[in-house]
Structure formats: C-alpha cells, structure tokens
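Here is the structure we will look at.
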C-alpha cells in the first residue's frame with residue numbers, strides 16, 4: 126500500500142484553519158538594535174521572527190534606538206573596529222530592508238499594538 130507524504134486534511138484541521146484565517150491580524154512591534162551577532166541584533170533570529178510573524182498575517186512595525194552602536198565588530202577577525210562608528214537604527218534597517226522607526230516613537234504607537 127502506497128501512502129501519500131502529504132498530511133491528510135481532517136475535519137478538525139480544516140476547522141482550525143478556518144478559525145485562524147477568520148481572526149483579525151495582530152499588530153506587533155519588534156525591537157532591534159543594530160545588525161550582527163556580535164554588535165547588534167542576531168540576523169538569523171531577527172529574520173526568523175519576522176518570517177514567522179508574516180506567515181501568521183501579523184502586521185509588524187520595527188523599532189531601533191537612534192544612537193551610535195557601542196561596538197562595531199569585524200566579523201572576519203572578531204576584533205573591535207575602533208574607527209568605524211555605526212548607527213543602531215541604520216544597521217537595523219539592513220534586516221528590515223529599510224522599514225524601521227526610532228525607538229523613541231514606540232510610545233506614540235503603543236496603543237496600536239496587540
């Protein structure tokens with residue numbers, strides 16, 4: 126007997142799908158701080174979070190501090206780069222492809238989030 130590798134759609138599964146698809150999307154704030162495992166938000170974790178929220182139809186608004194990063198690390202050597210100052214908000218925009226608000230603005234939007 127040959128079994129299909131695709132999961133069978135049971136009545137319970139279909140009712141759960143219908144339930145979750147009828148729920149309004151959630152508004153979520155994500156706070157980042159720079160870009161990089163040693164000197165900011167860990168990229169894999171941040172992207173995985175954004176993808177997960179997107180798959181669940183959440184509306185995401187990203188925030189980051191509008192200030193210089195405390196440290197900038199050369200990821201090829203692991204050494205701190207003394208002369209290279211980077212802004213945490215600008216670096217966070219690498220992860221979100223530009224859509225980042227200053228963290229100070231979170232208070233303005235706080236009522237918009239679930």
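Residue numbers (my numbering): 126 to 239. Glycine included, every Cβ here is placed at the ideal spot set by N, Cα and C.
Of all C-beta pairs linking the stretch 168 to 177 to the stretch 193 to 208, fewer than three are shorter than 8 Å, placing the two stretches out of contact. Secondary structure at residue 224: coil, using DSSP grouped into helix, strand and coil.
In the structure shown, the three-state DSSP call for residue 182 is coil.
Within a 10 Å sphere around the beta-carbon of residue 188 sit 16 or more other beta-carbons, which makes this residue buried. Just measuring C-alpha positions, the residue of 229, 151, 213, 163 sitting nearest residue 205 is 163.
In the three-state reduction of the DSSP assignment, residue 205 falls in the strand class.
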